[in-house]
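Chemist: In this note's numbering, the protein residues as written are 51 to 130.
Ideal placement from N, C-alpha and C gives every residue a C-beta, glycine not left out.
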C-alpha cells in the first residue's frame, strides 16, 4: 500500500493542513480539500483503480483518462 493511499491520508491530512495554516503557506488560495470518495471509473483493473485513487489526492493540475476497456493514463503537475 502506498503511503499516499486513503487510510494514510486520513491520518496525516488534518495535521498537515493545520501546520500549513500556522505557517501562512496554505496552497490553493487557502483551501485544501480532503480525499474524495469518488469511485473509480468502471472497467479498470486493480492497478488502474489504484492509480485513480492516487490521482484523486494530488492536485490541483491533473488529468485522468480511460478508454473504458481497462486502459488508463494520468498526468499531474504542480502541487503534489
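#1: With H, G and I counted as helix, E and B as strand and the rest as coil, what does DSSP make of residue 124?
#2: Beta-carbon within less than 6 Å of residue 120's beta-carbon, same chain only, minus the 5 sequence neighbours each way: which residues are those?
#3: Out of curiosity, what's the CA-to-CA distance linking residue 125 and residue 72?
#4: Below 7 Å CB to CB, which residues in the same chain sit around residue 113 once its five sequence neighbours on both sides are set aside?
#5: Could you compute how far the alpha carbon of residue 63 sits from the alpha carbon of residue 91?
#6: Between residue 106 and residue 88, is the Cβ-Cβ spacing less than 8 Å?
#7: Going by DSSP in three states, residue 116 sits in which element: helix, strand or coil?
Modeler: Once the coordinates are examined:
#1: strand
#2: 93, 95
#3: 31 Å
#4: 124, 125
#5: 25 Å
#6: yes
#7: strand
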